[in-house]
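There are 2 protein chains.
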Amino acid sequence: MLDVSIVGTAMYAPERVETAADLAPRIGRSERWIERRTGVLRRHISDEPMNVMAARVVREVLGDGPPPDLLVNASLTPLQLIPDSSVFILEELGLSGIASFSVHGTCLSFLLGLHTAASLVHSGAYKRVVVVSSEQGSVCRDFDQPESAALIGDGAGAAIIEPATRPGQGILGFAQQTFPDGAELTELRGCGTRHHPNDPATTDKDNLFQMQGPNVYKMALRRVPPIIGGLLEQAGLRPQDIDVVVPHQPSGPGMKAYEKLGFHPDQIVNIIDEYGNCIAASLPMALATADRAGRLRRGDLVMMLGTGAGLSIAGMILRW
Amino acid sequence: MLDVSIVGTAMYAPERVETAADLAPRIGRSERWIERRTGVLRRHISDEPMNVMAARVVREVLGDGPPPDLLVNASLTPLQLIPDSSVFILEELGLSGIASFSVHGTCLSFLLGLHTAASLVHSGAYKRVVVVSSEQGSVCRDFDQPESAALIGDGAGAAIIEPATRPGQGILGFAQQTFPDGAELTELRGCGTRHHPNDPATTDKDNLFQMQGPNVYKMALRRVPPIIGGLLEQAGLRPQDIDVVVPHQPSGPGMKAYEKLGFHPDQIVNIIDEYGNCIAASLPMALATADRAGRLRRGDLVMMLGTGAGLSIAGMILRW
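So the sequence lines, in the order shown, correspond to chains S and P.
Residue numbers for the first sequence follow my numbering, so the first one is 339 and each next one is one higher.
Residue numbers for the second sequence follow my numbering, so the first one is 339 and each next one is one higher.
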């Protein structure tokens, strides 16, 4: 039990929208194929870099309150390799002299960053932590890969974590498992030392998202249930006890698959049709969407979960 | 107070050594210039990728013990952008089904990863966490930048964190502050969305380390003392109370500057001459060097500290 409270959430999606009709000619698929295969009707595309989007949601989530004592960047796509992207988010916010770093676990980054932040607050190291995910993944789309190109959208989401103010409030359970036999199913092989940009052998494709969607789906279908089932069991809960399920938004079929865990569609926050897969930002965007809609009430049981490249799987149960 | 114990350390430096004599013709400077300016007499250069070096030190630090329940990759330079590098370290180790993610704060990554891991152990989320930093930064050297090209070396270091076994053992204090006005002093502008490798405007230089060494030194000299001084004061300690100081190894002059904080050279673990600046791996390599030499005894007060691009500054005091 980590006795913390999420005291604020925020999300942002860029104004510029790309519909299936806009995208169809670029990927050589019909509108109907895009909508059926990916479940994404619209995606928002950012002309701003990730630190500017991040600053928008952090500003909103901080509101009139004091600055945080720690900012955790939990985004997949960095602005640049050095310095750490958290520095550029602070710079954009005009904040200086506070702690900052990044937590990275591809699409699970927000969930991992939130767990890390909660642990740091619980142990007294910090009192007010902002976790922010911001993704301009559209820059890395491969239009020769119709599925992933149609899935990805841009956006940002953030949350503030502070010590709990009510008894029983906080994180009741957390689980993560990584299975490296899925490493080749979702890749961006470049932007590191293996396929350095200056290496003549590095191809343009190496620098873009490559995804074997159906294989990821199959592996997740087999491996997610024992982990999430085990997490519920450990907490002495059944799927129907959870008030709101806030998952990563991988794809239309991926969103349907959460029902196989025993959740009813009404329990699940689903924003895939409007925003697509915004990588690490999808989960906090879904959280903020639920919060704005009044779906998160103090005392509610909330489950956040998702999968990330690896294949890595994680889930968290918290009392809101 | 985070009641944890570092129960093992390990380090690895590649066999291949590059001396000042080897490097001098490549950077257009004399051996004497390299040795005087950087304090680096030899640097080790890896032909293996970061995950292979990381697996070496993790294997050593685990020894005959059980596998960890969490592996934290705390390296600056990723193997590739997706999946997270922790996945490739697990793959190389033949480990599957455990938790893994990365903590990123350039040269401070190990210290931040260690603090995160300690907090997760303290709060009961995990019982045996490996934190590993592994850097093949040599791939990103710019030989037109004599100073940074001469500073950088490759290597890896790791530590295991478990719950404390003795009263008073653990992390007594931690502090970090990030100052974004130093963002342009140490950069690798590429490998992210700002200067994507496929963007025709991205130059080869964007993908290599760029450092304004003297300006980083000046800024650090002004900003490190209040943070480290404050950390000591908060713990009710004076510099001479610390048994062993294990710092990041930025450069020869940077190592000398730690003495300005009130530490005697005998207190400071200094390996810059043999390994150079191994980015995030320098600190755990220094820690393992001190451990191998029998300099870390149970009950000792150990201070770890350093600076990272940003400029970001952090320090930790722990009872070994």
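We put the beta carbon where it would ideally sit given N, CA and C, even for glycine.
(message) Output needed in chain order: residues of the segment 615-648 of chain S with a Cβ under 8 Å from some Cβ in chain P.
(response) G646, A647, G648
(message) My output table needs one value for S/I344: the three-state DSSP class, helix, strand or coil.
(response) strand
(message) At the level of alpha carbons, what is the spacing between P/L526 and P/T540?
(response) 12 Å
(message) Per the DSSP calculation, P/L656 is bridged to which residue(s)?
(response) P/I509, P/V640
(request) Give the range of the beta strand (DSSP E) segment to which S/S472 is assigned. (result) 467-473
(request) Assign S/M593 to one of three DSSP states: helix, strand, or coil. (result) helix
(request) State the DSSP-derived secondary structure class of P/N615, mapped to helix, strand or coil. (result) strand
(message) Can you tell me whether S/D492 is buried or exposed? The criterion is at least 16 other CB atoms within 10 Å of its CB, across all chains shown.
(response) buried
(request) Count the other C-beta atoms from every protein chain shown that fall within 10 angstroms of the C-beta of P/D480, then say buried if there are 16 or more, exposed otherwise. (result) Under this definition P/D480 is a buried residue.
(message) Can you find the residues in the same chain that come closer than 6 Å, C-beta to C-beta, to S/A392, ignoring five residues on each side of it along the sequence?
(response) I427, V470, S472, A494
(message) Starting from P/T357, trace the beta strand (DSSP E) in both directions and tell me its first and last residue.
(response) 355-357
(message) Any beta carbon of chain B sitting closer than 9 Å to that of S/A496?
(response) The structure shown contains no chain B; its protein chains are S and P.
(message) My output table needs one value for P/L298: the three-state DSSP class, helix, strand or coil.
(response) The structure shown does not extend to residue 298 of chain P, since chain P is modelled only from 339 through 658, so no value can be given for it.
(request) Identify the contact partners of P/I436 in chain S, using a Cβ-Cβ distance below 7 Å as the criterion. (result) Under the 7 Å cutoff, chain S gives Q515, T516.
(request) At 3 residues or longer, and completely inside the segment 546-608 of chain P: list those beta strand (DSSP E) runs for me, N to C. (result) 582-585
(request) Out of P/R397, P/S413, P/A455, point me to the one whose CA is closest to P/I344's CA. (result) Sorting P/R397, P/S413, P/A455 by C-alpha distance to the C-alpha of P/I344 places P/A455 at the top.
(message) Which same chain residues end up closer than 8 Å to S/E398 when comparing Cβ atoms and leaving out the 5 residues on each side of it in sequence?
(response) A348, Y350, A496
(message) Using the three-state DSSP reduction, which class does S/F426 fall into: helix, strand or coil?
(response) helix
(request) Leaving out five residues on either side along the sequence, give the residues of the same chain with a beta carbon under 8 Å from the beta carbon of S/I383. (result) P352, R354, V355, E356, S476, G491, D492
(message) Along the segment 401-424 of chain S, where does the CB come closer than 9 Å to a CB of chain P? Name the residues.
(response) Residues L408, L409, N411, L414, T415, P416, L417, Q418, L419, I420, P421, D422, S423, S424.
(request) Could you say which of S/S440, S/P405, S/L361, S/L446 lies nearest to S/L643 if we only look at CA atoms? (result) Nearest to S/L643 by alpha-carbon distance, out of S/S440, S/P405, S/L361, S/L446, is S/L446.
(request) Drop a sphere of 10 angstroms on the beta-carbon of S/H602, count the other beta-carbons inside from all chains shown, and report buried for 16 or more, exposed for fewer. (result) exposed
(request) Could you tell me if S/D579 is buried or exposed, where buried requires 16 or more neighbouring beta carbons within 10 angstroms of its beta carbon? (result) exposed
(message) Please confirm whether P/A488 has its beta-carbon closer than 9 Å to some beta-carbon of chain S.
(response) no
(request) Let me know if S/R657 comes out buried or exposed under the rule of 16 or more other beta-carbons within 10 Å of its beta-carbon. (result) buried
(message) Which residues in chain P have a C-beta closer than 9 Å to the C-beta of S/D519? List them in chain order.
(response) E429, S434
(message) Going by DSSP, what residue range makes up the beta strand (DSSP E) through P/S440?
(response) 437-442
(request) Closer than 6 Å by C-beta to S/L625: which residues in its own chain qualify, once you throw out the five before and the five after it? Chain order, please. (result) T347, V584
(message) Taking 6 Å as the limit between beta carbons, can you name the residues of its chain near S/R633, skipping five residues before and five after?
(response) Leaving aside the five residues that flank S/R633 on each side, the residues in its chain whose CB is nearer than 6 Å to its CB run, in chain order, V582.
(request) Give the straight-line distance between the Cα atoms of S/R466 and S/L433, rounded to the nearest whole angstrom. (result) 14 Å
(request) Compute the beta-carbon to beta-carbon distance between P/G511 and P/L569, rounded to the nearest angstrom, for a pair I have assumed lies under 8 Å. (result) With a Cβ gap of about 5 Å, P/G511 and P/L569 count as contacting.
(message) Quick check on P/N389: does DSSP put it in helix, strand or coil?
(response) helix
(message) Given a cut-off of 9 Å on the beta-carbon distance, is the pair P/T444 and P/G648 in contact?
(response) yes
(request) Please name the residue, chosen from P/V640, P/L621, P/C616, P/Q507, that lies closest to P/M388 on a Cα-to-Cα basis. (result) For P/M388, the closest alpha carbon among the candidates P/V640, P/L621, P/C616, P/Q507 is that of P/C616.
(message) Among the candidates P/L449, P/I420, P/L400, whose CA atom is the shortest distance from the CA of P/V640?
(response) P/L449
(message) Cβ closer than 7 Å: which chain S residues qualify as neighbours of P/H460?
(response) S461
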